[in-house]
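Asker:
There are 2 protein chains.
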Amino acid sequence: MKFFEDIAIGERVELGHWHVTAEATVAFARRYDPQGFHLEETEAAKTHFGRLSASGWQTAAMWMKHMIAHRDRVQAEMRARGEPVADMGPSPGFTDMRWLKPVFPGDRITYFTTATEARPSQSRPRWGLIRHLNEGVNQTGDLVFSFIGNVFVERRDA
Amino acid sequence: MKFFEDIAIGERVELGHWHVTAEATVAFARRYDPQGFHLEETEAAKTHFGRLSASGWQTAAMWMKHMIAHRDRVQAEMRARGEPVADMGPSPGFTDMRWLKPVFPGDRITYFTTATEARPSQSRPRWGLIRHLNEGVNQTGDLVFSFIGNVFVERRDA
C-alpha cells in the first residue's frame, strides 16, 4: 500500500478484469445467493433479467479480489525498489452500493478505484482516512457496479 | 415474498444463524479476499485482528444466503396456505455498510432484517419500495455487521 501522503486524489486506477463465466456464476449463487436468475438459464429467462446473471454480491467480492491483487502488485514493486510499504487499516464502512446493470456470463468487468478525498485522522495520528469511489464497467462501457469506500491508510511520518 | 402492503414496519425478523468455521473462512478468502488475516492463523496473529477472521464480504454474502432461505421458507408457507406470493424486484442499492467487529471461526452470527420504511413507487405503480435495516449479531450479542437495503416489492393490487 502507498502511504496516505502519496495517494493521488482524482486518479482513476484500473484494478483488473473479471471474465464472467456461467460456471462461476452458478457456483457462487448455489453457495450464497440461490435465486433462480443466478442459478439456471431457463429460470432466468422468465425474469426481468432475461438470462442467467451474476449475484451482486459476487460482483462486489470480485472487486475485493481485484483490489487486493492490485495492492499486492503495487507493494511488490515498492519492495523491489527498496521502499517501505504502508499498512492498510480497517474500513469504517462502505456506502452508496449500487448494482446499475446486470452482469452476465461472457461479460468482461473492469474494476476501477479513484481516491476522492484524503483526511488525516484527528483521533488516530498514525492514520489518514481515504475516501474512494469504486466502479465496475462492462465490455461495452456500461457502469454496472459502484460504491464509495473508506479506509484508514498509514501516514508516512507515523 | 409478502406483498408490499403486508410487510410489518419495525418488526425485527430473525433470518437464521451462520456458524463460522476456519475452513469456510479460508476457502472464501482464497477466492475473493486473500489477505493474511483471512488466510492463516499465524499471519493473523501479527495483525490488529489478532487471529484468523472472516472477510467482511463473506459476512455480507452470508446475510444474502440467510435472507433468501428465509424468503423461501415464508413463500413455501404462503403457498401451502394457498396464498399468492409477491414478486421481489431489483434493488436500487444498499448504503451504510459497516463491519463493526471482527468475525472469527467459532462465532455464531445471527442475521436480522427490519423493514423501516414503506413507500409506494410513483413511477412504477406495480411496486413499492421497502427500506430495511440488516444486522449480524454474534453469540455474545455484539453487532458485527449492518447495512441499509432498499428493495422493490410487488403491491397487492398490482
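Chains as they are written, first to last, in the working numbering: chain A, 1 to 158; chain B, 1001 to 1158.
Even for Gly, the Cβ is constructed at its ideal location relative to N, Cα and C.
Every value quoted in this text rests on a predicted model; they were computed, and no experiment measured them.
Can the beta-carbon of residue 23 (chain A) be found closer than 8 Å to that of residue 115 (chain A)?
Answerer: Taking the first sequence and counting its residues from 1, one reaches residue 23 (chain A) at position 23. Taking the first sequence and counting its residues from 1, one reaches residue 115 (chain A) at position 115. Taking 8 Å as the Cβ cut-off, residue 23 (chain A) and residue 115 (chain A) do not qualify as a contacting pair.
Asker: Can you name the start and end residues of the alpha helix (DSSP H) that residue 54 (chain A) belongs to?
Answerer: The count along the first sequence starts at 1 and reaches residue 54 (chain A) at position 54. Taken as a continuous stretch (DSSP letters only), residue 54 (chain A) belongs to no alpha helix (DSSP H), as it is neither H nor E.
Asker: Can you give the beta carbon distance from residue 1145 (chain B) to residue 1099 (chain B), rounded, assuming they're within the 8 Å contact cut?
Answerer: Here residue 1145 (chain B) refers to the residue found at position 145 when the second sequence is read from its first residue. Here residue 1099 (chain B) refers to the residue found at position 99 when the second sequence is read from its first residue. That belief holds up - the Cβ atoms of residue 1145 (chain B) and residue 1099 (chain B) are roughly 6 Å apart, short of 8 Å.
Asker: Could you give the uninterrupted runs of the beta strand (DSSP E) lying entirely in the segment 111-148 of chain A, keeping only those of 3 residues or more?
Answerer: List check, beta strand (DSSP E) in window: 127-137.
Asker: Using 8 Å as the limit for Cβ to Cβ distance, is residue 1003 (chain B) near chain A?
Answerer: Within the second sequence, numbered from 1, the residue matching residue 1003 (chain B) stands at position 3. Taking Cβ atoms only, chain A never reaches closer than 8 Å to residue 1003 (chain B), which makes this a no.
Asker: By Cβ distance, which residues of its chain are closer than 7 Å to residue 78 (chain A), with the 5 residues on each side in sequence left out?
Answerer: Counting from 1 along the first sequence, the entry for residue 78 (chain A) is found at position 78. The answer, listed in chain order, is 85.
Asker: Can you tell me the Cα-Cα spacing of residue 1049 (chain B) and residue 1158 (chain B), whole angstroms?
Answerer: As a working mapping, residue 1049 (chain B) is identified with position 49 in the second sequence. As a working mapping, residue 1158 (chain B) is identified with position 158 in the second sequence. Between the alpha carbons of residue 1049 (chain B) and residue 1158 (chain B) lies a gap of roughly 50 Å.
Asker: Taking all protein chains shown into account, decide if residue 9 (chain A) is buried (16 or more other Cβ within 10 angstroms of its Cβ) or exposed.
Answerer: Along the first sequence, read from residue 1 onward, the residue named residue 9 (chain A) stands at position 9. Burial call: exposed.
Asker: Of all the alpha helix (DSSP H) runs that stay within the bounds of the segment 74-104 of chain A, which reach a length of 4 or more residues?
Answerer: None, since the segment 74-104 of chain A contains no complete alpha helix (DSSP H) of that length.
Asker: In chain order, what residues of the same chain lie with their CB nearer than 6 Å to the CB of residue 125 (chain A), ignoring the 5 residues before and after it?
Answerer: For the purposes of this step, residue 125 (chain A) is identified with residue 125 of the first sequence, where counting begins at 1. The same chain holds no residue with a CB closer than 6 Å to that of residue 125 (chain A) once the five nearest residues on each side in sequence are set aside.
Asker: Helix, strand or coil: which one does DSSP assign to residue 1020 (chain B)?
Answerer: Position 20 of the second sequence holds residue 1020 (chain B). Residue state for residue 1020 (chain B) is assigned as coil, using DSSP reduced to three classes.
Asker: May I ask you to list the residues that DSSP assigns as paired with residue 1108 (chain B)?
Answerer: For the purposes of this step, residue 1108 (chain B) is identified with residue 108 of the second sequence, where counting begins at 1. Answer by DSSP bridge pairing, in chain order: B:1019.
Asker: Based on Cα-Cα distance, which residue from A:151, A:150, A:101 lies nearest to residue 140 (chain A)?
Answerer: Taking the first residue of the first sequence as position 1, residue 140 (chain A) is located at position 140. Selected option, being the one with the closest Cα: A:101.
Asker: Span of the alpha helix (DSSP H) holding residue 37 (chain A)?
Answerer: As a working mapping, residue 37 (chain A) is identified with position 37 in the first sequence. Counting along the chain, the alpha helix (DSSP H) containing residue 37 (chain A) begins and ends at 36-39.
Asker: Between the Cα of residue 109 (chain A) and those of A:36, A:56, A:35, spot the shortest distance and give me the residue it belongs to.
Answerer: Here residue 109 (chain A) is taken as the residue at index 109 of the first sequence, counted from 1. Residue A:56 is the option with its Cα nearest to residue 109 (chain A).
Asker: Taking residue 1089 (chain B) and residue 1127 (chain B) to be in contact with their CB atoms under 8 Å, please state how far apart those CB atoms are, rounded to whole angstroms.
Answerer: As a working note, residue 1089 (chain B) is residue 89 in the second sequence. As a working note, residue 1127 (chain B) is residue 127 in the second sequence. About 5 Å; that satisfies the 8 Å criterion.
Asker: So, with DSSP's three-state summary, where would you put residue 1003 (chain B)?
Answerer: Here residue 1003 (chain B) refers to the residue found at position 3 when the second sequence is read from its first residue. Taken through DSSP and simplified to helix, strand or coil, residue 1003 (chain B) comes out as coil.
Asker: Mind pulling the chain A residues with CB within less than 7 Å of residue 1094 (chain B)?
Answerer: Residue 1094 (chain B) sits at position 94 when you count from the first residue of the second sequence. Chain A residues near residue 1094 (chain B): 97.
Asker: Use the C-beta contact count for residue 1149 (chain B): other C-beta atoms within 10 angstroms, 16 or more gives buried, fewer gives exposed.
Answerer: Position 149 of the second sequence holds residue 1149 (chain B). Buried: at least 16 other Cβ atoms inside 10 Å.
Asker: Against chain B, with Cβ distances strictly below 8 Å, would residue 84 (chain A) count as a contact?
Answerer: By one-based count along the first sequence, residue 84 (chain A) stands at place 84. So no, residue 84 (chain A) is outside the interface.
Asker: Could you have a look at residue 1012 (chain B) and say whether DSSP puts it in helix, strand or coil?
Answerer: Taking the first residue of the second sequence as 1, we reach residue 1012 (chain B) at position 12. Three-state result, residue 1012 (chain B): strand.
Asker: Measure the beta-carbon distance from residue 95 (chain A) to residue 147 (chain A) and round it to whole angstroms, keeping in mind my assumption that it falls under 8 Å.
Answerer: Taking the first sequence and counting its residues from 1, one reaches residue 95 (chain A) at position 95. Taking the first sequence and counting its residues from 1, one reaches residue 147 (chain A) at position 147. Between residue 147 (chain A) and residue 95 (chain A) the Cβ distance is about 7 Å, and since that is below 8 Å, they are a contact.
Asker: Straight-line CA distance for residue 1097 (chain B) to residue 46 (chain A)?
Answerer: As a first step, residue 1097 (chain B) is located in the second sequence; it is residue number 97 there, counting from the start. As a first step, residue 46 (chain A) is located in the first sequence; it is residue number 46 there, counting from the start. Spanning the two alpha carbons is a distance of roughly 31 Å.
Asker: Could you pull out every residue in the same chain whose Cβ sits closer than 7 Å to the Cβ of residue 32 (chain A), ignoring the five residues on either side in sequence?
Answerer: Counting from one through the first sequence, the residue named residue 32 (chain A) turns up at place 32. If we look at residue 32 (chain A) and ignore the five residues flanking it on each side, its Cβ neighbours are 55, 57.
Asker: Within this structure, are the beta carbons of residue 1004 (chain B) and residue 1155 (chain B) separated by less than 8 Å?
Answerer: Along the second sequence, read from residue 1 onward, the residue named residue 1004 (chain B) stands at position 4. Along the second sequence, read from residue 1 onward, the residue named residue 1155 (chain B) stands at position 155. Contact flag set, yes.
Asker: What are the residues in the segment 1031-1042 of chain B lying within 9 Å of chain A by C-beta distance?
Answerer: Those residues of the segment 1031-1042 of chain B that come within reach of chain A (Cβ to Cβ, closer than 9 Å) are 1031, 1032, 1033, 1034, 1035.
Asker: Would you say residue 105 (chain A) and residue 52 (chain A) are within 8 Å of each other, going by their C-beta atoms?
Answerer: As a working note, residue 105 (chain A) is residue 105 in the first sequence. As a working note, residue 52 (chain A) is residue 52 in the first sequence. Cβ atoms of residue 105 (chain A) and residue 52 (chain A): closer than 8 Å.
Asker: Please check if any C-beta of chain A sits within less than 8 Å of the C-beta of residue 1090 (chain B).
Answerer: Here residue 1090 (chain B) refers to the residue found at position 90 when the second sequence is read from its first residue. For residue 1090 (chain B), the nearest CB of chain A lies under 8 Å from its own CB, placing it at the interface with that chain.
Asker: Measure the beta-carbon distance from residue 152 (chain A) to residue 121 (chain A) and round it to whole angstroms, keeping in mind my assumption that it falls under 8 Å.
Answerer: As a position in the first sequence, residue 152 (chain A) is number 152, starting the count at 1. As a position in the first sequence, residue 121 (chain A) is number 121, starting the count at 1. Going by Cβ atoms, the distance from residue 152 (chain A) to residue 121 (chain A) rounds to 7 Å, so yes, they are a contact pair.
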